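Q: One structure coming up, written as structure tokens, with questions to follow.
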Amino acid sequence: MQDQQNEPAPGAGATALDAITRHPHTWGRRGWVAVLVGALYGLLMRVLFGKVWVWAPWLGLSRDDGYVMSLGFVHLTPMVVGAITIYGMRASRPTWTQAAFAPWAATALMMIGAMVTLLEGAICVVLMTPLFLAMASIGGVVMNLVLRNTRLGTLQLGVLAVLPLLVAAFDGPSTAERWQRIDRSVVVEAPPERLWAEIVAARDIRRDEFPRTWIHLIGVPRPVEGIQQMTPHGEVRVSRWERGVHFLGHVTERVEGRRLAWRYEFSPDSFPPGTMDEHVVIGGRYFDLGETRFTLTPLPAGRTRLDIESHFRVTSSFNGYAVAVAEFLGRDFVDGLLALYKRRAETPA
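Following my numbering from start to finish, the sequence shown increments by one per residue and tops out at 751.
Below you can see the structure in the form of structure tokens.
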């Protein structure tokens, strides 16, 4: 009783972690067992969604890795992870703070396990963790509400555990496609012809020339070269990135010193194994680039405004989140390109 009287009131400097750990008798071994069970359940779902046959009522048995990006896995699986975690703690009557944040431990273990077992790469884990944490919290809070008002039996829990698979079977793999556009610009203290020369022949890009960006911090290779070449089929832009990444851009418009545009072409070997995760590889099933356009506008005093217009596609069952992430990283990457060309053009030859 004395301990309860001395504990800090909610909002008086207590953190979410404090709320989980300040009651050893309500967390303890039972809590960690619940966290481990939730994490193992999440890993099992990842295996079932990506590596074995999935039942689809209109097709019979089918295997499709697209189910990993389905509503059943991306939304419902972390929610069930959170619900199972709180169900395992039911004897200690979890607080609402515990219900919201204890599932984060299970989700973190699940994501780490997916990387260790090579089920997912680091880029996918980094991009999806915020969404998974949010869904796990929702699942934990809903389960806590259910436990406080009803008696949940083993049968109901079993139905809940297979719900992601059932929903995926009827919902199918990811099919929603959205094309988005990014527009970014910068003013360069150099004339158009100087800037144009750097754009059409961007050779030997050093790591220290490219600014520190989020997209590269999470593991996406950096550009090392982008040059224009003439071929029997027309002009192309040859792009090379770190770790052997390479692809082409077929030029669709060229106005010397003013405009340059191309559409990308990715081959099966554009991204060597290990350079990009399957679910975020450019030109793949879930993400692609369309036309990119550079526009140079002369300004007074020998300056130039450089505009970059870039189009990209996202295909998933959670485009509200996926498009927002792709736009953030896309702007981050384009801003890095603008900074690179500005620095090179403003540096004396």
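Note that beta-carbon positions come from the ideal geometry of N, C-alpha and C, so glycine has one too. Since the structure is predicted, the reported quantities are computational estimates derived from the model, not experimental observations.
Closer than 8 Å is the cut-off here; do at least three beta carbon pairs connect the region 513-521 with the region 442-452?
A: Taking 8 Å as the limit for Cβ pairs, the verdict is that the region 442-452 does touch the region 513-521.
Q: Using CA atoms only, rank isn't needed, just tell me which of VAL528, SER539, PRO496 is closest to TRP506.
A: Cα-wise, what sits closest to TRP506 is SER539.
Q: Counting Cβ pairs, one atom from each stretch, are 3 or more of them under 8 Å apart for the region 609-617 and the region 731-746?
A: The region 609-617, when compared against the region 731-746, does touch it at the 8 Å Cβ threshold.
Q: Smallest Cα separation from ALA570: which of ILE607, ASP671, VAL476, ALA726?
A: It is VAL476.
Q: The ligand NAP and PRO613: does any heavy atom of the ligand fall closer than 6 Å to the residue's C-beta?
A: This structure lacks the ligand NAP; in fact it carries no ligand of any kind.
Q: Taking ALA592 and THR706 to be in contact with their CB atoms under 8 Å, please state how far apart those CB atoms are, rounded to whole angstroms.
A: Going by Cβ atoms, the distance from ALA592 to THR706 rounds to 6 Å, so yes, they are a contact pair.
Q: Please report the distance separating the alpha-carbon of TRP664 from that of PRO496.
A: Distance between the alpha carbons of TRP664 and PRO496: 57 Å.
Q: Identify the residues that DSSP records as bridge partners of SER587: which are they?
A: Answer is ASP709.
Q: When the Cα atoms are used, what is the spatial distance from MET545 to ILE488?
A: C-alpha separation (whole angstroms): 7 Å.
Q: VAL640 and PRO623 look like a contact to me (Cβ under 8 Å); what is the Cβ gap, rounded to whole Å?
A: The pair is not a contact, with the Cβ atoms about 16 Å apart (cut-off 8 Å).
Q: Within the chosen definition, does the region 559-568 reach the region 518-529 through at least 3 CB pairs nearer than 8 Å?
A: No, the region 559-568 does not touch the region 518-529.
Q: Any chance you could list the alpha helix (DSSP H) runs of at least 4 consecutive residues sitting entirely within the region 536-579, in chain order?
A: Counting only runs of 4 or more, we get 556-573.
Q: Who are the Cβ neighbours of ALA741 in its own chain at under 7 Å, not counting the five residues just before and after it?
A: If we look at ALA741 and ignore the five residues flanking it on each side, its Cβ neighbours are PRO613.
Q: Let's see if you can read the secondary structure: which residues bound the alpha helix (DSSP H) around PRO675?
A: Neither: PRO675 is in no alpha helix (DSSP H) and is coded neither H nor E.
Q: With distances taken Cα to Cα, identify the nearest neighbour of GLN500 among PHE714, GLY433, GLY444, VAL483.
A: The candidate whose alpha carbon is nearest that of GLN500 is GLY433.
Q: Quick check on the burial criterion: 16 or more other C-beta atoms within 10 angstroms. Buried or exposed for GLU600?
A: With 16 or more other Cβ atoms within 10 Å, it is buried.
Q: Can you tell me whether LEU547 is buried or exposed, with buried defined as 16 or more other CB within 10 angstroms of its CB?
A: Classification for LEU547: exposed.
Q: Under the three-state reduction of DSSP, which class applies to TRP457: helix, strand or coil?
A: With a pLDDT of 46 at TRP457, under the threshold of 50, the modelled position of this residue cannot be trusted; read the value that follows with caution. Of the three classes helix, strand and coil, the one that applies to TRP457 here is strand, per DSSP.
Q: Give a yes or no on whether the C-beta atoms belonging to LEU691 and PHE673 are separated by under 7 Å.
A: Going by C-beta atoms, LEU691 is not nearer than 7 Å to PHE673.
Q: Using the three-state DSSP reduction, which class does ARG432 fall into: helix, strand or coil?
A: It is helical.
Q: So who's on the other strand from GLU637, going by DSSP bridges?
A: GLU637 is bridged to MET632.
Q: Roughly how many angstroms lie between the CA atoms of TYR469 and GLY452, to the nearest whole one?
A: Roughly 7 Å separates the two Cα atoms.
Q: Taking buried to mean at least 16 other C-beta atoms within 10 Å of its own C-beta, is GLY651 buried or exposed?
A: Buried, by the Cβ-count rule.
Q: Would you list the residues sitting across from GLU667 in a DSSP beta bridge?
A: LEU650.
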